[in-house]
Amino acid sequence: MNVAYPSPVIREGDLVILHINSQSLQAIKVNPKIKNKNGIFVDYCHQTKYGSFKVGSLVGKAFGSVLQLKDGFINLLHPSSELWTLSLPHRTQILYTTDISMVLLNLELSPGSIVCEAGTGSGSLSHAFMRTVAPTGQLFTFDFHEKRVETARQEFLEHGFLEPLVTVCHRDVCAEGFGLKNKVDAVFLDLPKPWDAVPHAATAFKTRGGRLCSFSPCIEQVQRTCAVLESLGFWEIRTVECLLREYLVRRMALPLIEPRAEEEGGPPRKGAKRKATHGAKLEEFRAVLPAVKATGHTGYLTFATFLPKEEDLKEEGAKGEDRKEEEDRKEGEDRKEEETKEVDKNFPEVMVTSVGATDVSVIVSAAVTTRSEADSSTSNVPDVID
Ligand SMILES: C[S@@+](CC[C@H](N)C(=O)[O-])C[C@H]1O[C@@H](n2cnc3c(N)ncnc32)[C@H](O)[C@@H]1O
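Those letters in the sequence shown? Residues 1 to 386, per UniProt numbering, in order.
Right, here's the structure in full:
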């Protein structure tokens, strides 16, 4: 299965997200059999609040289809990085979609970007990174917790994210750095002490610079990180907190209010209150209400730009000059070759006179083929002219 590229039909071994309702998602692997406590393989039955079903029965069903159960229905969804974030097994605190969307945009990522992430944690953000930079980009993700590294590696593999798209490394990035030099476009840090990893990030950036983001729950962490960023010459240092406020647009029906006497043209009555008449007609309208449950503080996102170094720019400029010269030279050669071909096409006989006898048949044959391709009326021209 490949989480990045949806397939239409569920196959054995696939990951399926069960949409029970808007508050409840469950991720299951389509393994028709599981071992029971006696070590015997039995049918794998999955239980939901609407009833149970045999997992093997999902094979061949379409992703997105409805599964009718005894007391209701559920939807069978293809995993996306957003759905995975909402249903993954938590091994650590994770980043959620509101922060993730801000990170992806502000790190200026697109297919082909090279990103470095520490720590991997539960792989929530890693999935979004991989989907964004695929198919030609790369994610290098680091964690110093060996078990988490192993689990993440296995999970990425099962979800179709393979090397070189992702490389999961077991390493303490604060102590040992990333082991990457002039390689990455963006660095993301979700660490207790991000300031210790920032100098290593500076080494990892491509010579033309890049973007950094550090996620920290506490403002004291932000202060220390910003101090180090500034001391290392990072620019555009900006910290944001994403607080999502959702609005619910709902159809509602309310009883019509009894009109006031003055609205009907009568004299105003002292102390008269509007009240809904019992059994009054209901009027339907759309109400817009802020959601009762709002997301609270998750963390602060600090973004910064690593500028290219002056000497690197000069070096890049010199390389660019050399590259340009080489390109100009190649272009000149290509043009000459094209012009020669054009002559071949129009005047094959001219070529005959200019080559040695032994090579003639081959060259003329090629020239005739070219001409016959361009103009089918020449198909009666013999293949080989002696
Ligand atoms: C909060 S979790 C990251 C969660 C991740 N962003 C996600 O969305 O799933 C932080 C991770 O950083 C790792 N970590 C902490 N200090 C580290 C260090 N110095 N080097 C590498 N990993 C580190 C921890 O083991 C932990 O797994």
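Even glycine gets a Cβ: it sits at the ideal position worked out from N, Cα and C.
Predicted model only: the values in this text are computed from it and were never measured.
Please return the same chain residues whose Cβ sits closer than 7 Å to the Cβ of residue i, not counting the five positions on each side in sequence.
{"i": "E349", "result": "Low per-residue confidence applies at E349: pLDDT is 37, beneath 50, and the placement is therefore not dependable enough to give any value."}
{"i": "A357", "result": "Because A357 carries a pLDDT of 34, less than 50, the predicted location of this residue cannot be relied on, and the following value inherits that uncertainty. If we look at A357 and ignore the five residues flanking it on each side, it has no Cβ neighbours."}
{"i": "F347", "result": "Only weak support exists for where F347 lies, its pLDDT of 39 falling under 50; the value from the coordinates is given anyway. Nothing meets the Cβ criterion."}
{"i": "I114", "result": "G137, Q138, K183, V184 and D185"}
{"i": "K206", "result": "N182, K183, V184 and D185"}
{"i": "K35", "result": "F41"}
{"i": "L254", "result": "L282 and E283"}
How many Å lie between residue i and residue j at the Cα?
{"i": "D14", "j": "V30", "result": "5 Å"}
{"i": "E337", "j": "R323", "result": "21 Å"}
{"i": "V3", "j": "G60", "result": "18 Å"}
{"i": "L88", "j": "A27", "result": "7 Å"}
{"i": "W235", "j": "L86", "result": "34 Å"}
{"i": "E121", "j": "R251", "result": "Contrary to the premise, residue 121 reads as Gly rather than Glu in this sequence. Going by the C-alpha atoms only, they are around 41 Å apart."}
{"i": "G210", "j": "E108", "result": "9 Å"}
{"i": "G39", "j": "A175", "result": "44 Å"}
{"i": "E12", "j": "H297", "result": "40 Å"}
{"i": "R245", "j": "G317", "result": "47 Å"}
{"i": "R329", "j": "C116", "result": "37 Å"}
{"i": "E158", "j": "Q221", "result": "35 Å"}
{"i": "H90", "j": "L229", "result": "31 Å"}
{"i": "V149", "j": "F178", "result": "15 Å"}
{"i": "K37", "j": "H145", "result": "30 Å"}
{"i": "E326", "j": "H200", "result": "35 Å"}
{"i": "V288", "j": "S126", "result": "35 Å"}
Checking 8 Å against the spacing of the C-beta atoms, do residue i and residue j come in under that value?
{"i": "residue 417", "j": "H78", "result": "The requested residue 417 is not part of the displayed model; the chain covers only 1 to 386."}
{"i": "D99", "j": "C226", "result": "no"}
{"i": "L83", "j": "L162", "result": "no"}
{"i": "D190", "j": "L95", "result": "yes"}
{"i": "L232", "j": "V187", "result": "no"}
Among the options, which one has its Cα closest to the Cα of residue i?
{"i": "L104", "options": "V149, P308, S87 and L212", "result": "L212"}
{"i": "T48", "options": "E12, I34, G179 and F73", "result": "F73"}
{"i": "V202", "options": "A253, F41 and T305", "result": "As written in the sequence, residue 202 is Ala, which differs from the Val given in the question. Cα-wise, what sits closest to A202 is T305."}
{"i": "I219", "options": "V240, K206, E230 and G210", "result": "V240"}
{"i": "I10", "options": "N106, G64, G160 and C169", "result": "G64"}
{"i": "L20", "options": "H46, L165 and V288", "result": "Reading off the sequence, residue 20 comes out as Ile, not Leu. It is H46 whose Cα lies nearest to the Cα of I20."}
{"i": "Q93", "options": "S216, E325 and E326", "result": "S216"}
{"i": "P308", "options": "A128, Q23 and A204", "result": "A204"}
{"i": "T295", "options": "V55, S57, V16 and T97", "result": "T97"}
Between which residues of its own chain and residue i is the CB-CB distance below 6 Å, once the five residues before and five after are set aside?
{"i": "K70", "result": "G51"}
{"i": "R224", "result": "W195"}
{"i": "A291", "result": "E246 and L248"}
{"i": "F303", "result": "N106, C213 and R238"}
Run the proximity test for residue i: is its beta-carbon closer than 7 Å to any non-hydrogen atom belonging to ligand 1?
{"i": "P192", "result": "yes"}
{"i": "L125", "result": "yes"}
{"i": "L95", "result": "yes"}
{"i": "S101", "result": "no"}
{"i": "T167", "result": "no"}
{"i": "T48", "result": "no"}
{"i": "A27", "result": "no"}
{"i": "H200", "result": "no"}
Using a Cβ-Cβ cut-off of 8 Å (strictly less than) and excluding sequence neighbours within five positions of residue i, which residues of its own chain qualify?
{"i": "V66", "result": "F73, I74, N75 and L76"}
{"i": "E315", "result": "T207"}
{"i": "L165", "result": "M130, V133, A134, P135, G137, Q138 and L139"}
For ligand 2, is there a heavy atom less than 7 Å away from the beta-carbon of residue i?
{"i": "R148", "result": "This structure simply doesn't include ligand 2; it includes ligand 1 instead."}
Is the Cβ of residue i closer than 8 Å to any Cβ of chain C?
{"i": "S124", "result": "You won't find chain C in this structure, because it holds only one protein chain."}
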